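The next block holds one structure in the form of structure tokens; read it before the comments.
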Amino acid sequence: MMSPPKIALIGAGPAGLTLARLLQQNQFNCTIYESEVDRYVRNQGGTLDLHTKTGQLALKEAGLLEEFKKYARPEGECMKLVKHDGTVLWDENETGNSNRVAEDSDRPEIDRVRLRDILLDSLQPGTIKWNRKLLRVDADTKTRGISGDRETYTLHFTDGSVEKDIDLLVGADGAWSKVRPLLTDEQPFYSGITCIELWSLGVDAKNPWLSRYVGKGSCFMFDEGRALLCQRNGEQNGSVRTYACVRMPEKWAEESGIDWAGTHARETLVERHFNDCGDDLKRLILESRDELIVRKAWMLPVGIKWESRPGVTLLGDAAHLMTPFAGVGVNVAMADALELARALISCKDSVVAKESSDDHNIAVAIKQYETEMFERGRQNAQKTWDNMQGHFSANGSEELAARLKGHN
Ligand SMILES: Cc1cc2nc3c(=O)[nH]c(=O)nc-3n(C[C@H](O)[C@H](O)[C@H](O)COP(=O)(O)OP(=O)(O)OC[C@H]3O[C@@H](n4cnc5c(N)ncnc54)[C@H](O)[C@@H]3O)c2cc1C
1 MMSPPKIALI GAGPAGLTLA RLLQQNQFNC TIYESEVDRY VRNQGGTLDL HTKTGQLALK
61 EAGLLEEFKK YARPEGECMK LVKHDGTVLW DENETGNSNR VAEDSDRPEI DRVRLRDILL
121 DSLQPGTIKW NRKLLRVDAD TKTRGISGDR ETYTLHFTDG SVEKDIDLLV GADGAWSKVR
181 PLLTDEQPFY SGITCIELWS LGVDAKNPWL SRYVGKGSCF MFDEGRALLC QRNGEQNGSV
241 RTYACVRMPE KWAEESGIDW AGTHARETLV ERHFNDCGDD LKRLILESRD ELIVRKAWML
301 PVGIKWESRP GVTLLGDAAH LMTPFAGVGV NVAMADALEL ARALISCKDS VVAKESSDDH
361 NIAVAIKQYE TEMFERGRQN AQKTWDNMQG HFSANGSEEL AARLKGHN
């Protein structure tokens, strides 16, 4: 009897973890190789809203929707929109969000770290090999009896270790995927936006003003070439993460002369880029003093695709990295995981498939998955790109407020 296919997933982000869970539920063995040392290592901070037809659907099929609901924050959907001068244009903390159009509602928030825990805890023990950072992949052609040539993959890790004879390799290793070069030469490029991530922890107790101002969910200001994106997170009984974003050249953060680790970074940022804003908006930056991280927004070309290759594919950001301005990245990543799992399951269980080899079935499943994934990626990347143009324009706040009011 032939041994089952050896399946390797690279990356224990939302995409890789969701796929592993769905595969294990359907009697596929798989291993995830993850570069981080363990589950506690990185600031996994931030909050994600999961949409019904993508993120939530994947969790439902993975049998984890009820667990998600225990920790989800429906009130986190509340949105407040402010103009650069501080005028509040829209505030669902007061009105609720009942007159939102359907596609913009039922998107409860969950802390990224909590979502990751739910997925991690759902996997069979030993599924994840931590501290295994993929360096490169070699493709090996093997000749096999009547079914002819097939390809397997050898994984080389930075610690010198090697994994051989991988039949199905799935790159869920995010923006700087080391699997992607097997499929395309495309690399992420700078989108033109740099975001300064600022944290204020435990705001309910430590800064009641900030807690009240941001409200239960998100508080956004969009303007020509700049934006403030604030979101309440669940950790430490209420924390606020603010992105102060500016449209600037790629090397701006390094060449601006701002000492990002220094004590005056926030004051200088405000002085140079937000000085004409309302006082409340300036306070959002100045009073978020617990952490500062510079993040450049990278993206892959809208509509990226490649020639399907039997035995290897990509999921999530590895496949179609986009900027965060439509809040869809994690949802598309989890939808990818769901669709790839469905394709693999159907190709394993169909009558025709039972008469074919595993590698033939895997190749068919990948092609089927990629056809839809390319289109899903393109549509969402286009939406994100359009949002970015709209948000970083002079009427960015007004336009979104009008859409939420149902005027557009
Ligand atoms: C600032 C910011 C805000 C965002 N906000 C939102 C939002 O509000 N809503 C939303 O839907 N999306 C948001 N996103 C996008 C979302 O975070 C991503 O789309 C989502 O995390 C993609 O999941 P993934 O599993 O594909 O990749 P990732 O989450 O990037 O996971 C990749 C995993 O692979 C591991 N890895 C990387 N390289 C290697 C290697 N060489 N070897 C082994 N392991 C490796 C990493 O450590 C990581 O665990 C945001 C993104 C950013 C940057």
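Numbering (UniProt numbering), first residue to last: 1 to 408.
All residues carry an ideal CB built from backbone N, CA and C; glycine is no exception.
Fair warning: this is a prediction, and the values are worked out from it, not measured in the lab.
Short Cβ contact (8 Å threshold) for residue i with residue j
i	j	result
Ala363	Gly311	yes
Asp173	Ala20	no
Ser211	Thr242	no
Asp336	Gly86	no
Asn197	Ile258	The residue asked about is misnamed: residue 197 is Glu in this sequence, not Asn. Cβ atoms of Glu197 and Ile258: not closer than 8 Å.
Ala175	Pro188	yes
Ala12	Ile166	no
Glu398	Lys83	yes
Pro14	Gly316	yes
Ile304	Thr384	no
beta-carbon residue i near ligand 1 non-hydrogen atom, thresh 7 Å
i	result
Asn380	no
Arg132	yes
Tyr33	yes
Lys129	no
residue 456	Residue coverage of the chain in this structure runs from 1 to 408, which leaves residue 456 outside it and unanswerable.
Ala49	Here residue 49 turns out to be Asp, not Ala, going by the sequence shown. At least one heavy atom of ligand 1 is nearer than 7 Å to the Cβ of Asp49, so yes.
Glu36	yes
Lys53	no
Asn331	yes
Pro14	yes
Cys230	no
Gly377	no
Between the CA atoms of residue j and residue i - distance to the nearest angstrom
i	j	result
Ala244	Leu81	15 Å
Met221	Leu57	31 Å
Asn408	Ala401	Low confidence applies to Asn408: its pLDDT is 48, below 50, so where it sits in the model is not reliable enough to give any reading.
Ile146	Arg403	Below a pLDDT of 50, predicted positions are generally treated as unreliable, and Ile146, at 49, falls in that range; no measurement from the model is reported.
Asn93	Glu75	9 Å
Trp365	Gln379	Looking at the sequence itself, residue 365 is Ala, so the reference to Trp does not match. Cα-Cα distance, rounded: 22 Å.
Gly192	Glu250	7 Å
Gln27	Gln124	11 Å
Phe392	Cys277	15 Å
Met1	Asp290	With a pLDDT of 38 at Met1, under the threshold of 50, the predicted position of this residue should be treated as unreliable, though the coordinate-derived value follows. Cα to Cα, Met1 sits roughly 58 Å from Asp290.
Trp209	Arg232	13 Å
Glu36	Lys178	15 Å
Ala265	Ile285	10 Å
Arg376	Val332	7 Å
Tyr40	Thr152	33 Å
Pro181	Gly126	28 Å
Leu134	Ala261	30 Å
Lys53	Gly390	25 Å
Lys6	Phe157	17 Å
Leu338	Leu9	14 Å
Leu89	Leu155	53 Å
Trp130	Asp223	42 Å
Pro63	Leu48	With the sequence shown as reference, residue 63 is identified as Gly, and Pro is not the correct amino acid for it. Approximately 19 Å between the Cα atoms of the pair.
Leu229	Glu67	28 Å
Bridge partner(s) assigned by DSSP for residue i
i	result
His264	Its beta-bridge partners do not exist; DSSP assigns none.
Phe374	Answer is none; Phe374 lacks a bridge partner.
Val240	Ser200, Arg232
Thr194	Val246, Lys296
Val302	Val302 is not bridged to any residue.
Glu151	Thr141
Glu255	The partner list for Glu255 (beta bridge, DSSP) is empty, contrary to what the question assumes.
Val312	Leu169, Arg309
His360	Note: His360 sits in no beta bridge, so no partner.
Leu134	Phe157
Ala227	Phe222, Cys245
Enclosing alpha helix (DSSP H) for residue i [first to last residue]
i	result
Phe220	Taken as a continuous stretch (DSSP letters only), Phe220 belongs to no alpha helix (DSSP H), being part of the beta strand (DSSP E) at 218–223.
Glu163	That residue, Glu163, is in no alpha helix (DSSP H); its beta strand (DSSP E) goes 162–166.
Thr87	That residue, Thr87, is in no alpha helix (DSSP H); it is neither H nor E in DSSP.
Tyr213	208–214
Tyr40	Unbroken run through Tyr40: none, as it is neither H nor E.
Leu48	Unbroken run through Leu48 is the beta strand (DSSP E), 47–49; no alpha helix (DSSP H).
Thr95	92–95
Thr54	Note, Thr54: premise wrong, no alpha helix (DSSP H); not H, not E.
Gly396	396–404
Extent of the continuous beta strand (DSSP E) to which residue i belongs
i	result
Lys296	291–299
Ile118	From DSSP, Ile118 is part of no beta strand (DSSP E) but of the alpha helix (DSSP H) over 112–121.
Ile285	Unbroken run through Ile285 is the alpha helix (DSSP H), 279–286; no beta strand (DSSP E).
Lys80	79–82
Ala8	7–10
Thr18	Looking at the DSSP string, Thr18 is not in any beta strand (DSSP E); the run it does join, the alpha helix (DSSP H), is 14–25.
Thr31	31–33
Proximity test, Cβ basis, 8 Å: residue i and chain D
i	result
Thr52	Looking at the structure shown, chain D is missing, and only one protein chain is on hand.
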